[in-house]
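Asks:
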């Protein structure tokens, strides 16, 4: 579902094209690879177009204002915009320039060459006035304005000053994704989102990568240029937020694999803006943007990240919670038939899955208490666990029939059972009811122990033994 509030995006629109092929030999004419073209794979919205497209994917409407040349590539960009739901656009034609195109030559998801066709001269006064007039017509209907600067000549100092001043006067939030090394031209913007290289180049080019330096240099530009917040994307080091009140947040990267970082910054800006118009706190919006960037860099080329993808990732991660969070949730939502089990679940196998699924079918809200690594060692010995608690909990979170996972260090989960007061306490039928921890306590609030029939011959210990024996 797309929200009713619109985001205004001004910036350099780019046509991203991809030519894909095979490289099997080196040219005899020069030491360069020969690309045997298989397909001109795709044409995509790039630059501010990618920002706009990701805004709509994040669940918000967007209006895009940009400049193009009087050429066929401008027509292609318009067609791509028309195909994007919830995106409206106004392109101002500048006959003195060409439409910006980035053509990437690719083999096996590896870029071999990029060819840029562009004009970087600053726009004329006439074009500047046209842009500002279109901006003035839209500003009344939006809460957030994005300035997506790719340094292709669209943003003169005077245009930036007029846009930011007007937004200030009308109490609109301005987010700047900068490209110029002179951050003074973006002065008084609410939020600026450089990557780490851009932050350092604008302040202290020789600075080394560290949380300390990002904080120090962010505070420096806040003081110099009057920004409220600096949000720095840091590739594999994640994302950092520093604001004028000295609030600081460093989030690790959520990416599982990195194939291509092109367009990841666009994704971050889009999700921050969408989060703000959808009434998220800035911190929550940044967390959402970090998740979206983690998805984006795991794909090749400029890409859109759908809000559903982020919600699915967050849902799986939100299953893993702290005891106090779980207790509060149970109080708030008043679940009727809570089921509970516990265990090590090391080297998850068919027996585990069968047991957990059968247990979940007997309740409405199923909680799994997972032994921590230190707890497993006490029970199983120093050679265990085979799989650490982070990986075990994440693997288990992918099963839809498990609602919450809580990791505990104690020898038994008795304290957890007393606090959450489940209606059902599940164990395998290799136990006797009298042996089940919490069995006596659960009767006090009307609950009961349920023994689940287990698959025979399935155990982690037997799997380990078979591996050792090579059978």
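In this note's numbering, the protein residues as written are 23 to 493.
Heads up, the beta-carbon is just placed ideally off N, CA and C, and yes, glycines get one too.
When you compare each of 299, 186 and 178 to residue 165 by their alpha carbons, which one comes out closest?
Replies: As a working mapping, residue 165 is identified with position 143 in the chain shown. For the residues 299, 186 and 178, the minimum Cα distance to residue 165 belongs to 299.
Asks: Return helix, strand or coil for residue 62, following the three-state DSSP convention.
Replies: Walking along the chain shown from the start, residue 62 turns up at place 40. It is a strand residue.
Asks: Assign residue 451 to buried or exposed, taking buried as 16 or more other Cβ atoms, counted over all protein chains shown, within 10 Å of its Cβ.
Replies: Residue numbering aside, residue 451 sits at position 429 when the chain shown is read from its first letter. Here residue 451 is exposed: its Cβ has fewer than 16 other Cβ atoms, across all protein chains shown, within 10 Å.
Asks: Assuming residue 166 is part of the beta strand (DSSP E), what are its boundary residues?
Replies: Locating residue 166 in the chain shown gives position 144, counting from the first residue. It spans 164-170 - the beta strand (DSSP E) in which residue 166 sits, taken as one unbroken run.
Asks: Could you give the residue range of the alpha helix (DSSP H) that holds residue 354?
Replies: Locating residue 354 in the chain shown gives position 332, where the first residue counts as 1. Start and end: 345-355.
Asks: Could you work out which residue in 237, 128 and 385 is closest to residue 267 when comparing CA atoms only?
Replies: Counted from its first residue, the chain shown places residue 267 at position 245. Considering only alpha carbons, the answer is 237.
Asks: Return helix, strand or coil for residue 246, following the three-state DSSP convention.
Replies: In the chain shown, the residue the question calls residue 246 occupies position 224. Three-state DSSP puts residue 246 in a helix.
Asks: On a Cα-Cα basis, can you pick out the residue from 98, 306 and 187 that is closest to residue 157?
Replies: Your numbering for residue 157 matches position 135 in the chain shown. When only C-alpha atoms are compared, the closest one is 187.
Asks: In this structure, does DSSP put residue 517 in helix, strand or coil?
Replies: For the chain, the structure presents residues 23 to 493; residue 517 sits outside this window and is missing.
Asks: Tell me whether residue 368 is buried or exposed, calling it buried when 16 or more other Cβ atoms sit within 10 Å of its Cβ.
Replies: Start at 1 with the first residue of the chain shown, and residue 368 comes out as number 346. Residue burial annotation: residue 368 is buried, with at least 16 other C-beta atoms found within 10 angstroms of its C-beta.
Asks: In whole angstroms, give me the CA-to-CA distance for residue 328 and residue 171.
Replies: By one-based count along the chain shown, residue 328 stands at place 306. By one-based count along the chain shown, residue 171 stands at place 149. Straight-line Cα distance between these residues: approximately 24 Å.
Asks: Could you check which residue in 223, 405 and 325 has the C-alpha nearest to that of residue 71?
Replies: Stepping through the chain shown from its first residue, residue 71 is reached at position 49. Looking at the Cα atoms, 325 is the closest of the given residues.
Asks: Between 423, 428 and 376, which lies nearest to residue 395 when the distance is taken from Cα to Cα?
Replies: Stepping through the chain shown from its first residue, residue 395 is reached at position 373. Closest by alpha carbon: 428.
Asks: Below 8 Å, how does it come out for the region 194-212 and the region 300-308: are there three or more Cβ pairs, yes or no?
Replies: In this structure the region 194-212 does not touch the region 300-308; the number of beta carbon pairs closer than 8 Å is below three.
Asks: Could you say which of 421, 141, 130 and 481 lies nearest to residue 116 if we only look at CA atoms?
Replies: Locating residue 116 in the chain shown gives position 94, counting from the first residue. Taking only the C-alpha atoms, the option nearest residue 116 is 141.
Asks: What is the rounded straight-line gap between the Cα of residue 224 and the Cα of residue 203?
Replies: Residue numbering aside, residue 224 sits at position 202 when the chain shown is read from its first letter. Residue numbering aside, residue 203 sits at position 181 when the chain shown is read from its first letter. Going from the Cα of residue 224 to the Cα of residue 203 covers about 5 Å.
Asks: Hey, is the region 432-452 in contact with the region 342-361, meaning 3+ C-beta pairs nearer than 8 Å?
Replies: yes
Asks: Could you tell me the alpha carbon to alpha carbon distance between residue 33 and residue 49, rounded to whole angstroms?
Replies: Walking along the chain shown from the start, residue 33 turns up at place 11. Walking along the chain shown from the start, residue 49 turns up at place 27. Each residue's alpha carbon lies about 39 Å from the other.
Asks: Between which two residues does the alpha helix (DSSP H) holding residue 418 run?
Replies: Locating residue 418 in the chain shown gives position 396, where the first residue counts as 1. From DSSP, the alpha helix (DSSP H) with residue 418 extends over 411-419.
Asks: Sort out for me which residues DSSP pairs residue 68 with in a bridge.
Replies: By one-based count along the chain shown, residue 68 stands at place 46. In the DSSP output, where bridge partners are listed per residue, residue 68 has 36.
Asks: Is it buried or exposed for residue 118, if we count other Cβ within 10 angstroms and need 16 for buried?
Replies: Sequence index remark: in the chain shown, residue 118 carries index 96 (1-based). That one is exposed.
Asks: If you draw a straight line from the C-alpha of residue 160 to the C-alpha of residue 169, how long is it?
Replies: The residue given as residue 160 occupies position 138 in the chain shown. The residue given as residue 169 occupies position 147 in the chain shown. Distance between the alpha carbons of residue 160 and residue 169 is about 14 Å.
Asks: For residue 469, I'd like the list of residues in its chain whose CB is within less than 8 Å of its CB, leaving aside the five on either flank, ordered along the chain.
Replies: Locating residue 469 in the chain shown gives position 447, counting from the first residue. So the list reads 443, 444, 445, 446 and 447, once near-sequence residues are dropped.
Asks: Look at the alpha carbon of residue 147 and the alpha carbon of residue 173, and state the distance between them as a whole number of angstroms.
Replies: Walking along the chain shown from the start, residue 147 turns up at place 125. Walking along the chain shown from the start, residue 173 turns up at place 151. The alpha-carbon atoms of residue 147 and residue 173 are separated by roughly 17 Å.
Asks: If I follow the unbroken alpha helix (DSSP H) through residue 106, where does it start and stop?
Replies: Taking the first residue of the chain shown as position 1, residue 106 is located at position 84. Note, residue 106: premise wrong, no alpha helix (DSSP H); not H, not E.
Asks: Got a sec? Which residues, its chain only, sit under 6 Å from residue 38 by beta carbon, not counting five neighbours each side?
Replies: Here residue 38 is taken as the residue at index 16 of the chain shown, counted from 1. Within the same chain, 66, 68, 124 and 324 come within 6 Å of residue 38 by CB-CB distance, once the 5 residues on both sides are set aside.
Asks: Measure the CB-CB distance between residue 90 and residue 31 and report whether it falls below 9 Å.
Replies: Position 68 of the chain shown, counted from the start, is the residue given in the question as residue 90. Position 9 of the chain shown, counted from the start, is the residue given in the question as residue 31. No; because the gap between Cβ atoms is not below 9 Å, this pair is not in contact.
Asks: Distance check for residue 463 and residue 272, CA to CA, integer angstroms please.
Replies: Looking up residue 272 in the chain shown gives position 250. Looking up residue 463 in the chain shown gives position 441. The straight-line gap from Cα to Cα measures roughly 42 Å.
Asks: For residue 360, name the three-state secondary structure that DSSP assigns.
Replies: Translated into positions along the chain shown, residue 360 becomes position 338. Note: residue 360 maps to strand in three-state DSSP.
Asks: Let me check one thing: in DSSP terms, what residues is residue 426 bridge-paired to?
Replies: As a working mapping, residue 426 is identified with position 404 in the chain shown. 389, per the DSSP bridge assignment.
Asks: Quick check on residue 462: does DSSP put it in helix, strand or coil?
Replies: Translated into the one-based positions of the chain shown, residue 462 becomes position 440. It is helical.
Asks: How close, in whole Å, do the beta carbons of residue 197 and residue 295 come, if the pair is a contact with beta carbons under 8 Å?
Replies: Looking up residue 197 in the chain shown gives position 175. Looking up residue 295 in the chain shown gives position 273. 6 Å between Cβ atoms; contact.
Asks: Exposed or buried, which one is residue 483 when buried takes at least 16 other CB atoms within 10 Å?
Replies: Your numbering for residue 483 matches position 461 in the chain shown. By the neighbour-count rule (16 or more Cβ atoms within 10 Å), residue 483 is not buried but exposed.
Asks: Suppose you measure from the CA of residue 112 to the CA of residue 88; what does that come to, to the nearest Å?
Replies: As a working note, residue 112 is residue 90 in the chain shown. As a working note, residue 88 is residue 66 in the chain shown. So the alpha carbons of these two residues sit roughly 7 Å apart.
Asks: Are residue 82 and residue 108 close, meaning C-beta to C-beta below 9 Å?
Replies: Here residue 82 is taken as the residue at index 60 of the chain shown, counted from 1. Here residue 108 is taken as the residue at index 86 of the chain shown, counted from 1. Taking 9 Å as the Cβ cut-off, residue 82 and residue 108 qualify as a contacting pair.
Asks: CA-CA distance, residue 86 and residue 114?
Replies: For the purposes of this step, residue 86 is identified with residue 64 of the chain shown, where counting begins at 1. For the purposes of this step, residue 114 is identified with residue 92 of the chain shown, where counting begins at 1. Each residue's alpha carbon lies about 11 Å from the other.
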